[in-house]
Each structure stands twice: as C-alpha cells, then as structure tokens.
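Since the structure comes first, as structure tokens, the remarks are kept for the end.
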Amino acid sequence: MSGEGDTPQAIRKLTPGKLVIASHNEGKVAEIRELLAPYGIEPVSAAELDLPEPVENGTTFVANAELKAMQAADLSGLPALADDSGLCVEALNGAPGVYTADWAERQPREGPPGRDWYLAMGKVEGKLAEQGADVSRSAHFACTLALAWPDGHVEWFEGRAEGHLVWPPRGKRGFGYDPVFVPEGESETFGEMDPAKKHAISHRADAFRQLVAAVF
1 MSGEGDTPQA IRKLTPGKLV IASHNEGKVA EIRELLAPYG IEPVSAAELD LPEPVENGTT
61 FVANAELKAM QAADLSGLPA LADDSGLCVE ALNGAPGVYT ADWAERQPRE GPPGRDWYLA
121 MGKVEGKLAE QGADVSRSAH FACTLALAWP DGHVEWFEGR AEGHLVWPPR GKRGFGYDPV
181 FVPEGESETF GEMDPAKKHA ISHRADAFRQ LVAAVF
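For reference, each letter of the sequence shown is one residue, going 1 to 216 in full-length UniProt numbering.
Okay, structure coming up:
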C-alpha cells in the first residue's frame, strides 16, 4: 500500500497532530472528522487552508485519491488524507464509478454551474429505466482513502458497501447518492439512516477501519 515503488515497505504510522482532509466537499469532510475524532488528530480541511482543488484526471479511485492527498501534503507541509469514492451500478457496467461527481455537474441548459445531486440520481435512474422493469438494481459504493506525507510517501486503503438502488430518493441525511442507496441487509437508505449507524457500515467506514488498524 506504499506509493514509493515496488519494494514492500512497513506501513508508516500517523502521529497525533494536524492532518489535512484533502476535500472541499463539506459533507465528506464532516464525516471524516467524526471518524477521526477518537484518535488525537486535529483535522483541517483543504478549504480552510485555501488549497486549490486538483484536476481529478485519474481513471481509478486509487489514482484520484493519491493525486488529491499528495497535492495537499505538498502544499501544506502536513500529512493529508484524501478520499475518492463513488457509486458503481452493476447494470451500468460500474458507472458512474470514478465519474460519480461529474454526473452531478449541471450543463448550461440545466441551470447555473455547480453540482446537483438530485439531477445525478435522476440520470442513474433514467439509464436504469431504459433497460426495462426487470433490470438489476444492485450497486455498491466504493471508497479509497489515501494518506500522504510531504516527503511523497503514500498509504492507501479500499472499502466498499454493497446494496441496491431505490426510486424515488428517500431521506435528507448524508450527501451525494445516499438517498437512493439501501445497504445490504437494511431497509433504510443512507439518506434516511442515523449518521452513527451509517458511519458503522459505510464504504468509507470500511476503508477507515483498515486505515486505523494500520497507521494508528
């Protein structure tokens, strides 16, 4: 899981202190802050440090997470944690996947620039509807966490949450596609679920458990 070449290396430990959360997504930052709370870490977001948002031109979750974490660590001089995550729909060959956020970007005819997650959820539902009533609604959320240091060292951890999609959206908690995703074994969407329960079973929590076991 090291970003320093092919030679296996011991996973680097993270000591208490400041850690940059390399994201401008307020919902994601809030969720990561809660997950970090018990570990003596002082989270500071990229937005608070006025760091620019990098162009996410990677073709995998790992590539995008590493790109964001390494830029934040380099510019801040602090360790940085980045998340790249997305919704992968079985019937859409894994789409929107790494382009999850792009599906929320408004086109000129759709309103002012910015992200509209209801629009994004509608795009997914529309593409499923095109395939007929019997289409599989299986999906999973994937998350890669990349932890980078200013010297270029990177560790990364991957998690996922299996489930299925519902329509119309349900609940106003969470963010992104949460209101249409029901995790496996549950009846509530992530958008309806108590945040503490979501944090215990989400794709981000899965990746975070691996990170905690490795670096703290």
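By construction, the Cβ of each residue, glycine as well, lies at the ideal position given by its N, Cα and C atoms.
Assigned with DSSP and collapsed to three states, serine 45 falls in strand. Ranking Ile11, Thr189, Leu92 and Ala22 by CA distance to the CA of glycine 132 puts Leu92 first.
The distance from the Cβ of phenylalanine 141 to that of glutamine 210 is about 15 Å, inconsistent with a contact at the 8 Å cut-off.
When C-alpha distances from glycine 122 are compared across Ala72, Tyr177, Asp74 and Gly171, the shortest belongs to Tyr177. Here the segment 86 to 103 makes no contact with the segment 37 to 54; the two share fewer than three CB pairs at distances below 8 Å. Around the C-beta of alanine 46, 16 or more other C-beta atoms lie within 10 Å, and the residue is accordingly described as buried. Annotated as proximal: alanine 22 and alanine 73, with beta-carbon spacing under 9 Å. Threonine 60 is classed as exposed because its beta carbon has fewer than 16 other beta carbons within 10 Å across all chains shown.
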